[in-house]
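Engineer: Each residue of the sequence shown is one higher than the last, beginning at 584 in our numbering.
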Amino acid sequence: MTQHFINGRHVAGRTGETMAVLAPATGEEFTRIACGTADDIDDAVKAAQAAYEGAWGKLTAAERGRLIAKLALKVQDHFDELARIEAQDTGKPMAQARADIEATARYFEFYGGAADKVHGHVIPFMNGYSVSVVHEPHGVTGHILPWNYPAQMFGRSLTASLAMGNAVVLKPAEEACQTALRLAVLASEVGFPDGAINIVTGRGHEAGAALSAHPGIGFMSFTGSPEVGKMVQKACAENLIGCTLELGGKSPQIVFDDADFDAAVPIVCKAIVQNTGQTCSAGSRVLVQKNIYDAFVGAVARQFSKLRAGTPEMDLDCGPVINARQQGRVQSFIDQAREQGIPVLAEGQIAQGVPNGGFYVTPTLFGPVPRGNRLEQEEVFGPVLSAFPFEDESDAIRLANATAYGLVAGIWTGNGGRQQRVAKSVRAGQVFINGYGAGGGIELPFGGTGKSGHGREKGFMALEEFAVTKTIVHKHG
Ligand code: NAD
């Protein structure tokens, strides 16, 4: 049984109501979390405001950075414990959980080092004036996060805001909030003042909605589905505050006929099965030039058919998906595509001996998928890859941009001119050439366009999102 973490203490919440958390690997309840209400959110925002106006707000940028960097070391001390909790909560294979905790620590290292490197600038102006531009915190920032990478999201979203000097209130996903609660305690242990980091667990339409609508919040960071993202943005509009929305994707991997097959095939597979396809930036569409379509897709199919899904401890290619609802949703995409007669090019397997109640789905490769099909247009958020043939460069660009999303794209070609032309033409916040993904890419600005959202996280750019720019004009004669 876990509680909220408000003002440096565990609290049961105003109503004492709790809800069950199921382990995706078994489908069995393994803990209960507190169901936060608007009153709990209000308590958390007040604690954050007090920290911002008090002990936390008084720290220098270097002191904040030192605390965040200490948290990176603390995470390394608790590495196995955090990886185990993350795997239990999300069902992900242990290797993935370990990679996630490593990336979480990297966020703390990066933003710990960045905190005192946010410089303003000076603008030459009229004689007798000095003008400086400085970056200041919003005050209290709100963070609503999904369940797919809970620890990494804590590192990515909260830490950039803390580095800028904001105090934070987090509403993690109801399915997976154990690592966030643990990280908040570890932060306390390394010396974060009470109230700098507050966590209220519970349901989205209660605790999440209350957080996004709270007038004490100066900026919101939301990561999740486009549907909920719209609600959060509307709530922010009522309070006239800004927000970043990190939403879904339907990201293409574009493979031209001069691509290096040996390099591309394993990465095309990994980009969709990593985290069991529950990655916003998953490469869920593979677009292949017609003259190599059969050969390339055949090579991907051979790898795909070797994929296995199992428990975290089995540590296979995939785990279960997060819950029964997602399992049903992913399965419905697979069933409908089969009913429509879309060819199944390969299927992985669910390993022998997985618990019956676990939320497993079979990794599946479809192709050729008809243009305009649901598999082209909608995010599955599971280990389902769709293949599409294309004619030439302009057809590839048309196909890549055929969805409302625009998060990430991969381009596989040895032709330098084409690399640049296609990179400029695809609608995406990140483009990889002859690769895909970059071990978390902590330093690299990340975010989408269109239905994938707006604003940028990661890298130095995130610090600007969590800051207000102030121009100071001094007339001194
Ligand atoms: P979701 O939108 O259902 O939930 C995300 C969070 O919002 C949860 O904490 C939930 O409790 C909360 N929430 C739900 N209703 C709310 C409301 N009315 N008001 C405020 N908060 C509310 O998303 P999900 O299914 O948990 O996550 C999967 C989605 O997240 C996918 O679409 C995926 O692509 C996206 N995602 C995007 C990124 C990115 O960086 N672009 C990263 C990870 C996940």
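For glycine and all other residues, C-beta sits at the position ideal for the given N, C-alpha and C.
So, helix, strand or coil for Lys1053, using DSSP?
Structural biologist: Here Lys1053 sits in strand by DSSP.
Engineer: Would you call Asp660 buried or exposed, if buried means 16 or more other Cβ atoms sit within 10 Å of its Cβ?
Structural biologist: Result: exposed.
Engineer: Among residues of its own chain, excluding the 5 on either side of Met1044, which ones have a beta-carbon nearer than 7 Å to its beta-carbon?
Structural biologist: Same-chain partners within the cutoff: Pro1028.
Engineer: For Ser864, does the three-state DSSP call read helix, strand or coil?
Structural biologist: In the structure shown, Ser864 sits in coil (DSSP, three-state: anything other than H, G, I, E or B).
Engineer: Nearest to Val871 by alpha carbon, out of Asp845, Arg1004, Ile727 and Asp840?
Structural biologist: Answer by Cα proximity: Asp840.
Engineer: Where do the N-terminal and C-terminal ends of the beta strand (DSSP E) with Gly831 fall, by residue?
Structural biologist: Unbroken run through Gly831: none, as it is neither H nor E.
Engineer: Starting from Glu611, trace the alpha helix (DSSP H) both ways and give me its first and last residue.
Structural biologist: From DSSP, Glu611 is part of no alpha helix (DSSP H) but of the beta strand (DSSP E) over Glu611 to Ala617.
Engineer: In three-state DSSP terms, what is Lys889?
Structural biologist: Here Lys889 sits in coil by DSSP.
Engineer: When the distance is taken between beta carbons, is Ala818 closer than 8 Å to Ala1077?
Structural biologist: Past the edges of the chain, shown from 584 to 1060, lies residue 1077, and the structure says nothing about it.
Engineer: Can you give, in chain order, each stretch of the alpha helix (DSSP H) that sits fully within the segment 675 to 726 and has at least 4 residues?
Structural biologist: Whole alpha helix (DSSP H) segments, 4+ residues: 677 to 697.
Engineer: Considering only the beta carbon of each residue, do Pro809 and Gly831 sit closer than 8 Å?
Structural biologist: Contact flag set, yes.
Engineer: Give me whichever residues DSSP pairs with Trp995 in a beta bridge.
Structural biologist: The partner list for Trp995 (beta bridge, DSSP) reads Val838.
Engineer: What residue ranges within the segment 603 to 670 form continuous alpha helix (DSSP H) runs of no fewer than 4 residues, ordered along the chain?
Structural biologist: The qualifying runs are 621 to 636, 638 to 641 and 644 to 660.
Engineer: Provide the residue span of the alpha helix (DSSP H) that contains Val811, from first to last.
Structural biologist: Per DSSP, Val811 belongs to the alpha helix (DSSP H) from Pro809 to Glu821.
Engineer: Skipping 5 residues on each side, what residues in its chain have a beta carbon closer than 8 Å to that of Phe949?
Structural biologist: Answer for Phe949: Ala920, Ile925, Pro926, Val927, Leu928, Leu958, Val967, Leu968, Ser969 and Ala970, listed in chain order.
Engineer: Reducing DSSP to helix, strand and coil, say where Thr945 ends up.
Structural biologist: Here Thr945 sits in coil by DSSP.
Engineer: Assuming Val838 contacts Ala847 (C-beta within less than 8 Å), just tell me the rounded distance between them.
Structural biologist: With a Cβ gap of about 6 Å, Val838 and Ala847 count as contacting.
Engineer: Could you spell out the range, first to last residue, of the beta strand (DSSP E) harbouring Ile589?
Structural biologist: His587 to Ile589 is the span of the beta strand (DSSP E), which, as asked, contains Ile589.
Engineer: Can you name the residues that DSSP bridges to Glu896?
Structural biologist: Per DSSP, none; premise fails for Glu896.
Engineer: Assess, as a yes-or-no matter, whether the segment 736 to 744 is touched by the segment 620 to 632 under the definition of 3 or more beta carbon pairs within less than 8 Å.
Structural biologist: Contact between the segment 620 to 632 and the segment 736 to 744 is absent, because fewer than three Cβ pairs lie under 8 Å.
Engineer: Less than 7 Å separating the Cβ of Leu830 from some heavy atom of the ligand NAD?
Structural biologist: Yes, Cβ of Leu830 sits closer than 7 Å to a heavy atom of the ligand NAD.
Engineer: Given the structure, does Ile824 come close to the ligand NAD, in the sense that its CB is under 7 Å from one of the ligand's heavy atoms?
Structural biologist: No, the ligand NAD has no heavy atom inside 7 Å of this Cβ.
Engineer: I need the DSSP call for Ile780, collapsed to helix, strand or coil.
Structural biologist: Three-state result, Ile780: strand.
Engineer: Exposed or buried, Thr947, counting other C-beta atoms within 10 Å across all chains shown (16 or more means buried)?
Structural biologist: Burial call: buried.
Engineer: Taking only heavy atoms of the ligand NAD into account, decide whether any of them is closer than 7 Å to the Cβ of Gly819.
Structural biologist: Sequence check: residue 819 is Cys here, not Gly. No, since every heavy atom of the ligand NAD falls outside the 7 Å radius drawn around the Cβ of Cys819.
Engineer: Go ahead and pull the three-state DSSP assignment for Lys754.
Structural biologist: If DSSP states are grouped into helix, strand and coil, Lys754 belongs with the strands.
Engineer: In three-state DSSP terms, what is Arg957?
Structural biologist: It is helical.
Engineer: Within the chosen definition, does the segment 702 to 710 reach the segment 871 to 881 through at least 3 CB pairs nearer than 8 Å?
Structural biologist: No, the segment 702 to 710 does not touch the segment 871 to 881.
Engineer: Helix, strand or coil for Asn1041? Go by DSSP, reduced to three states.
Structural biologist: With the sequence shown as reference, residue 1041 is identified as Lys, and Asn is not the correct amino acid for it. Three-state DSSP puts Lys1041 in coil, outside helix and strand.
Engineer: Roughly how many whole angstroms lie between the Cα atoms of Tyr690 and Glu664?
Structural biologist: Going from the Cα of Tyr690 to the Cα of Glu664 covers about 18 Å.
Engineer: Hey, is the segment 888 to 905 in contact with the segment 1028 to 1042, meaning 3+ C-beta pairs nearer than 8 Å?
Structural biologist: Because the criterion of three Cβ pairs below 8 Å is not met, the segment 888 to 905 and the segment 1028 to 1042 do not touch.
Engineer: State whether the segment 641 to 652 contacts the segment 862 to 870, with contact taken as three or more CB pairs (one from each stretch) at a distance under 8 Å.
Structural biologist: No, the segment 641 to 652 does not touch the segment 862 to 870.
Engineer: State yes or no: is the C-beta of Pro562 within less than 8 Å of the C-beta of Ala670?
Structural biologist: Given that the chain is displayed from residue 584 to residue 1060, the structure contains no residue 562 and the question cannot be resolved.
Engineer: If you compare alpha carbons, which of Gln923, Lys873, Pro733 and Gly940 is closest to Pro903?
Structural biologist: It is Gly940.
Engineer: For His1055, which residues of its own chain have a beta-carbon under 6 Å away from its beta-carbon, when the five flanking residues on both sides are left out?
Structural biologist: Inspection of the sequence shows that residue 1055 is occupied by Ile rather than by His. Closer than 6 Å at the Cβ level, and outside the excluded window around Ile1055, lie Ser715.
Engineer: By Cβ distance, which residues of its chain are closer than 6 Å to Ala627, with the 5 residues on each side in sequence left out?
Structural biologist: The residues are Ile589, Val752, Asn781 and Val783.
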